[in-house]
Amino acid sequence: MCGSKGFNDACCPSGQIFQEQLCGNFYGGTEGETQIVWQAPLGDFFEGTFEIFNSASSPGDATGTVNPGGVTVGPVPPGFSMAQTVLNPTDFTITAPAGVNGKFCITLYKRVLA
Numbered sequence: 019m020c021g022s023k024g025f026n027d028a029c030c031p032s033g034q035i036f037q038e039q040l041c042g043n044f045y046g047g048t049e050g051e052t053q054i055v056w057q058a059p060l061g062d063f064f065e066g067t068f069e070i071f072n073s074a075s076s077p078g079d080a081t082g083t084v085n086p087g088g089v090t091v092g093p094v095p096p097g098f099s100m101a102q103t104v105l106n107p108t109d110f111t112i113t114a115p116a117g118v119n120g121k122f123c124i125t126l127y128k129r130v131l132a
């Protein structure tokens, strides 16, 4: 037990924090089409930063949504990027009309106890 002179007078080690980065491309479909680009069970990650880069050649905006809470990333106009940081994320979707394309990047943080 931590703090009570446990095994060999040792204290429990602190949790380790791991960072995971994911990036990919998105392509718009029909008007208002939503694509799930990332998903995880509740509690897997304690924080995440979700970013959308909309290509300068895109004909319109792209918008991301992070759950829980429906936190919005954007709308992101062509040639720009936007990001949001969310606690306890479970999924990230991107909505983009036909012809809109770009890149998304996700940075996730997880605490692991030894």
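So in my numbering, the last one in the sequence shown is 132, and the numbering has no gaps at all. Even for Gly, the Cβ is constructed at its ideal location relative to N, Cα and C. It should be emphasised that the depicted structure is a prediction, and the values quoted were computed from it without experimental measurement.
Rank the options by C-alpha distance to the C-alpha of residue i and give the top, closest one.
i: Val-55; options: Glu-65, Glu-69, Phe-63 and Gly-61; result: Glu-69
i: Ala-114; options: Val-91, Gly-66, Leu-60 and Glu-65; result: Val-91
i: Ser-73; options: Asn-43, Gln-39, Thr-125 and Phe-63; result: Asn-43
i: Cys-123; options: Gln-39, Gly-33, Ser-75 and Ile-35; result: Gln-39
i: Pro-96; options: Gly-87, Val-118, Gln-34 and Gly-61; result: Val-118
i: Asn-85; options: Gln-34, Ile-35 and Ala-58; result: Ala-58
i: Cys-41; options: Phe-71, Arg-129, Gly-87 and Ser-75; result: Phe-71
To which residues of the same chain is residue i closer than 6 Å at the C-beta, ignoring the five residues directly before and after it?
i: Thr-111; result: Thr-52, Ile-54 and Thr-83
i: Thr-103; result: Thr-67
i: Leu-105; result: Glu-65
i: Tyr-45; result: Asn-119
i: Pro-77; result: Gly-117
i: Lys-121; result: Asn-43 and Phe-71
Mapping the DSSP letters down to three states, classify residue i as helix, strand or coil.
i: Leu-126; result: strand
i: Asn-119; result: strand
i: Ser-73; result: coil
i: Pro-13; result: Here the chain has residues from 19 to 132 only, and residue 13 is not among them.
i: Thr-52; result: strand
i: Phe-64; result: coil
Take residue i and list the residues in its own chain whose beta-carbon comes closer than 8 Å to its own, dropping the five residues that flank it on each side.
i: Thr-48; result: Pro-115 and Ala-116
i: Pro-93; result: Asp-79, Ala-80 and Thr-81
For residue i, report the span of its beta strand (DSSP E) as first-last.
i: Asp-109; result: 109 to 113
i: Thr-81; result: 80 to 85
i: Gly-92; result: 89 to 94
i: Asn-43; result: 34 to 45
i: Leu-105; result: 99 to 105
Rounded C-beta distance between residue i and residue j? I'm assuming under 8 Å.
i: Phe-190; j: Leu-131; result: This structure cannot speak to residue 190, because the chain is shown only from 19 to 132.
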